[in-house]
Amino acid sequence: STQFIPPYTEDCRTDTYPPNGPTFRGAVGWYTVDLDSPPSKRWDAVITEKKTHLVNMIQAIRDLANAFVPSGKLIELVDVTLPIMADTLPSPFSEEIKGIAAVSGIPLGEVVLFNIFYEVFTV
Amino acid sequence: CTSIVAEDHKGNLIHGRNLDFGLFMGWDVKNKSWIISEKLKPLVVNLDFRRNNQTVFKSTNFAGYVGMLTGIKPHTFTLTMNERFSLDGGYIGIMEWVLGKRDGMWMSFLTRSVLEDANSYEEAKTRLAQTKLLAPAYFILGGNQTGQGCIITRSRLLNIDLLEIDVKLGRWYVLETNYDHWEEPLFLDDRRTPAMKCMNQTAQKNISVNTMYDVLSTKPVLNKLTTYTTLMQVSEGKLESYIRDCPNPCMPW
Numbered sequence: 001s002t003q004f005i006p007p008y009t010e011d012c013r014t015d016t017y018p019p020n021g022p023t024f025r026g027a028v029g030w031y032t033v034d035l036d037s038p039p040s041k042r043w044d045a046v047i048t049e050k051k052t053h054l055v056n057m058i059q060a061i062r063d064l065a066n067a068f069v070p071s072g073k074l075i076e077l078v079d080v081t082l083p084i085m086a087d088t089l090p091s092p093f094s095e096e097i098k099g100i101a102a103v104s105g106i107p108l109g110e111v112v113l114f115n116i117f118y119e120v121f122t123v
Numbered sequence: 124c125t126s127i128v129a130e131d132h133k134g135n136l137i138h139g140r141n142l143d144f145g146l147f148m149g150w151d152v153k154n155k156s157w158i159i160s161e162k163l164k165p166l167v168v169n170l171d172f173r174r175n176n177q178t179v180f181k182s183t184n185f186a187g188y189v190g191m192l193t194g195i196k197p198h199t200f201t202l203t204m205n206e207r208f209s210l211d212g213g214y215i216g217i218m219e220w221v222l223g224k225r226d227g228m229w230m231s232f233l234t235r236s237v238l239e240d241a242n243s244y245e246e247a248k249t250r251l252a253q254t255k256l257l258a259p260a261y262f263i264l265g266g267n268q269t270g271q272g273c274i275i276t277r278s279r280l281l282n283i284d285l286l287e288i289d290v291k292l293g294r295w296y297v298l299e300t301n302y303d304h305w306e307e308p309l310f311l312d313d314r315r316t317p318a319m320k321c322m323n324q325t326a327q328k329n330i331s332v333n334t335m336y337d338v339l340s341t342k343p344v345l346n347k348l349t350t351y352t353t354l355m356q357v358s359e360g361k362l363e364s365y366i367r368d369c370p371n372p373c374m375p376w
């Protein structure tokens with residue numbers, strides 16, 4: 001019964017495809033990742049184009065972390081320890097993550113955090 | 124998250140998913156939305172992974188994330204993963220990793236390796252079921268033949284359950300949110316019942332990409348955490364995805 005609380009729930013929608021209206025924000029662009037290129041270079045094109053949004057998202061996570069630990073120690077911990085973890089990650093993931101950090105200019109520890117977030121989130 | 128694999132009455136398999144993320148990670152009071160979910164939406168990209176100038180697999184991803192949460196190996200299989208909550212969770216796996224016990228795989232690195240290297244539904248199923256993980260998960264896998272659709276419920280070390288499509292038993296689809304299918308979902312987060320109600324109302328004779336999108340657009344299957352919807356048709360090798368919004372009134376999760 002807790003899942004039938006209109007207007008937060010609704011009857012089964014129809015005719016929503018092709019996507020349109022207020023629940024459709026937009027289509028998604030296509031990019032190629034060339035697995036024949038070196039792992040550290042594979043994501044350059046994607047990251048170059050999405051850099052600003054990636055920096056904004058990482059900043060939002062930083063703000064959240066600082067809300068919990070205002071001293072900034074949590075971010076410091078991420079920036080000091082997770083680069084070390086980057087070296088323990090299997091290939092080609094380790095090199096790809098380092099390549100993304102280099103192209104985006106985001107600290108390596110924070111790119112590592114984004115990539116292992118599923119495991120971290122359980123905390 | 125909500126992932127569905129359905130078989131239509133001609134035996135075609137359709138795989139759809141909503142990717143929900145950002146719960147309790149900051150609420151934007153002014154815009155009535157989750158901060159991280161909104162920051163992730165502009166990062167959604169479709170990726171064509173190629174080797175020797177040939178497509179190996181395609182995926183919907185967040186730029187900067189090298190693992191895979193949603194993908195298709197054209198004409199072979201489709202794969203999505205949903206989060207599974209467990210006390211024996213990822214933080215234990217991370218601690219073991221830090222302490223040097225590294226025989227488990229990071230979840231999204233496993234899905235990426237399966238999409239890259241597995242050459243059949245059965246091989247993908249075996250690897251997803253049997254590879255040690257750092258964190259529990261649900262893997263939702265679709266194949267390219269009738270009956271090939273399953274939910275693999277994983278703990279960190281074990282394959283706990285495998286639920287597969289069985290049209291003879293009337294199970295023409297499998298559907299997973301974030302709770303073990305043999306248990307009731309958390310009463311405050313039951314997206315499964317509304318989703319199954321809409322799938323049953325659609326019925327096998329009417330299931331298609333269009334009607335799968337309808338199901339994934341129905342509140343609360345669509346909610347404030349939903350960043351994108353992806354639809355995949357293995358026989359055509361097609362993946363399409365759409366960034367979503369859920370205007371008020373809408374369930375926060």
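Just so you know, the sequences run in chain order A and B.
Numbered by our numbering, the letters in the first sequence go through residues 1 to 123 in order.
Numbered by our numbering, the letters in the second sequence go through residues 124 to 376 in order.
Ideal Cβ placement from N, Cα and C applies to all residues, glycine included.
Measure the alpha-carbon distance for Ala102(A) versus Gly360(B) and round it to whole angstroms. 33 Å
Entirely enclosed alpha helix (DSSP H) segments - the segment 164-233 of chain B, minimum 4 residues: 213-221
Closest to Met319(B) by C-alpha separation, out of Thr341(B), Cys369(B), Leu311(B), would be which residue? Thr341(B)
From Thr298(B) to Ser126(B), what does the alpha carbon distance come to, in whole angstroms? Per the sequence shown, residue 298(B) should be read as Leu rather than Thr. Cα to Cα, Leu298(B) sits roughly 6 Å from Ser126(B).
By the DSSP assignment, the beta strand (DSSP E) with Gly104(A) in it spans what residues? According to the sequence shown, residue 104(A) is Ser rather than Gly. Run containing Ser104(A): none in the beta strand (DSSP E); it sits in the alpha helix (DSSP H), 93-104.
May I ask which residues mark the beginning and end of the beta strand (DSSP E) holding Glu130(B)? 125-130
Where DSSP assigns a beta bridge to Glu287(B), which residues make up the other side? Cys273(B)
Through-space distance from Ile195(B) to Gly26(A), alpha-carbon basis: 21 Å
By DSSP's criteria, Lys342(B) is part of a beta bridge. Which residues make up the other side? DSSP, once it has assigned bridges, lists no residue as partnering Lys342(B).
Measuring only the C-alpha atoms, how far is Pro39(A) from Asn169(B)? 18 Å
Quick one: does the C-beta of Phe185(B) sit closer than 7 Å to a heavy atom of the ligand SAM? You won't find the ligand SAM in this model; it holds no ligand whatsoever.
In chain B, which residues lie with their C-beta within 8 Å of the C-beta of Ser104(A)? Gly187
If you reduce the DSSP assignment to three classes, tell me which class Ile158(B) lands in. helix
Neighbourhood of Phe330(B) by C-beta distance below 6 Å, restricted to the same chain and skipping five residues each side: According to the sequence as given, residue 330(B) is Ile; it is not Phe. Hits under 6 Å: Ala129, Asp131.
Distance check for Thr9(A) and Thr234(B), CA to CA, integer angstroms please. 32 Å
Report, in whole angstroms, the separation of the C-beta atoms of His304(B) and Leu286(B), which I expect to be a contact under 8 Å. 6 Å
For Cys321(B) and chain A, any beta-carbon pair shorter than 8 Å? yes
Against chain A, does Phe262(B) count as a neighbour if the rule is that its beta carbon must be under 8 Å from one of theirs? no
Three-state class that DSSP yields for Thr23(A) in the structure shown: coil
Check whether the segment 362-369 of chain B and the segment 16-31 of chain A touch, using three or more Cβ-Cβ pairs below 8 Å as the test. yes
Against Tyr76(A), what residues of chain B qualify as contacts under a CB-to-CB distance less than 8 Å, listed in chain order? Position check: residue 76(A) holds Glu in this sequence, whereas Tyr was assumed. Near Glu76(A) there are no residues of chain B at all, since even the closest Cβ is about 17 Å away, more than 8 Å.
Please confirm if Val332(B) has its CB atom under 8 Å from at least one CB of chain E. Given the protein chain composition of this structure (A and B), no chain E is represented.
So, is Asn56(A) buried or exposed, given that buried needs 16 or more other C-beta atoms within 10 angstroms? exposed
When you compare the CB positions of Phe200(B) and Leu348(B), do they come within less than 8 Å of one another, or not? no
CB contact flag (Thr183(B), Thr353(B), <8 Å): yes
CB-CB under 7 Å to Lys98(A), same chain, minus the five flanking residues each way: which ones, in chain order? Ser40, Ala86, Leu108
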